[in-house]
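Read in order, the letters of the sequence shown correspond to residues 36 to 269 in the working numbering.
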Amino acid sequence: MTYVLHYAPDNASMIIRLALEELGAPYKTVLVDRATRAQDGAAYRRVNPAGLIPVLETPDGPIFETAAILLWLADRHSAMAPTADSPDRAPFLRTLFFVSNTLHAQMRMTFYPWKYVGNDTTAQATLRRTLQARSENDMTLPAGLTLLDAALAASNADAPSVLHCYAVALVRWCALYPAGHTDWFDLHDYPTLLGVAQQFETRPSAHVAQAAEGLGPTPFTAPRLPTPPEGTAL
């Protein structure tokens with residue numbers, strides 16, 4: 036079967052695109068036009084009632100939630116993740132779901148603070164600053180990235196995993212979004228993530244994503260705002 040990836044440029048669907056390319060799995064894409072709020076339309080809500088991007092259509096039906104898609108693909112293709120009987124499976128799972136449930140969720144709060152605290156711009160700024168602050172005791176974005184950096188350093192992966200696809204997207208977004216509020220982030224503070232980003236930029240999967248989504252020549256180590264051939268990131 037050819038998978039169908041419902042995507043928008045530089046959205047979480049990019050993570051799934053990278054994984055599909057790494058797996059060599061056949062797929063086609065369907066643009067979710069954010070400019071017209073297509074994700075809120077009835078047609079898209081039939082495949083994802085939550086109205087979030089991405090969705091992957093599979094032989095088992097449509098799957099949404101980034102971590103769920105990644106785990107399903109890894110298990111389906113027996114690649115890019117430790118197997119269920121591997122001693123590396125538990126560390127992999129806890130890191131994958133930490134990235135999805137905590138880091139990615141916190142980034143979304145900084146991108147769209149009004150969805151969480153309403154239209155009060157002072158409250159929005161406070162939420163953003165709180166999540167971006169350096170703290171040893173609270174799970175802020177810098178603390179979470181430090182944990183991810185350590186987890187990747189300790190992993191036994193000898194080839195890119197679906198977690199690496201997720202990680203390079205996160206560091207890209209930390210450097211770009213929200214515009215004007217990224218001075219808290221420096222990729223060089225996270226040496227393992229820096230190495231992963233540098234290596235991933237040399238891979239064919241990244242080159243496909245660059246062309247398809249207008250990501251620029253260094254999409255993970257020195258990203259710039261996308262100039263996609265179709266659609267819009269925001």
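Backbone N, C-alpha and C fix where the C-beta goes; we use that ideal spot for every residue, glycine too.
With DSSP run on the structure shown, which of helix, strand or coil describes residue i?
i    : result
L166 : helix
I98  : strand
V67  : coil
P44  : coil
H223 : helix
F255 : coil
L229 : helix
L198 : helix
A119 : coil
E171 : coil
L269 : coil
A85  : coil
L211 : helix
L250 : coil
Could you tell me which residues DSSP puts in a beta bridge with residue i?
i    : result
E236 : BP columns for E236 are empty, so no partner.
V39  : K63 and E92
Less than 8 Å between the CB atoms is what I'm expecting for residue i and residue j, so what's the real figure, rounded?
i    : j    : result
R169 : P177 : 5 Å
A204 : M49  : 6 Å
A43  : G266 : 5 Å
P213 : F255 : In fact, because the Cβ distance is near 18 Å, the residues do not count as touching under 8 Å.
V197 : A54  : 5 Å
P261 : F235 : Not quite, the Cβ-Cβ distance comes to about 17 Å (not below 8 Å), so this is no contact.
P126 : A186 : 7 Å
L40  : I51  : 6 Å
D110 : N191 : The Cβ separation is near 18 Å, so there is no contact.
A210 : L222 : 7 Å
Determine the extent of the beta strand (DSSP E) in which residue i is found, giving its start and end residues.
i    : result
P177 : Premise fails: P177 lies in the alpha helix (DSSP H), L176 to A189, not in any beta strand (DSSP E).
T262 : That residue, T262, is in no beta strand (DSSP E); it is neither H nor E in DSSP.
Go to residue i, then tell me how far its alpha helix (DSSP H) extends in each direction, as first and last residue.
i    : result
I104 : T101 to H112
S48  : S48 to L58
F132 : R124 to F133
Q74  : Q74 -> no alpha helix (DSSP H), and no H or E assigned at all.
T217 : Segment: none, T217 is in no alpha helix (DSSP H) and carries neither H nor E.
Y151 : W149 to V152
A140 : A140 to F146
Based on Cα-Cα distance, which residue from the options lies nearest to residue i?
i    : options                   : result
A202 : M174, G179 and T217       : G179
A257 : V243, P264 and G230       : G230
G249 : D45, L40, V39 and W107    : D45
Q141 : R52, L53, P252 and W208   : W208
L87  : T101, G96, G153 and P94   : T101
R238 : T156, L260, A210 and T253 : T253
M174 : L187, A246, N136 and N191 : N136
A47  : R80, E236, A244 and H112  : A244
H199 : F220, S121 and A116       : A116
P226 : H242, A188, G251 and W219 : A188
I104 : L182, P94, V90 and D221   : V90
H139 : Q167, A77, P263 and D155  : Q167
H242 : V82, L40 and E56          : E56
L58  : Y38, W149, A70 and V65    : Y38
T181 : V134, D193 and D218       : V134
K63  : N83, T93 and A78          : T93
F132 : L106, A114, Y79 and K150  : L106
Indicate whether at least one CB of chain C lies closer than 8 Å to the CB of residue i.
i   : result
P89 : Structure shown: chain C not included; a single protein chain is present.
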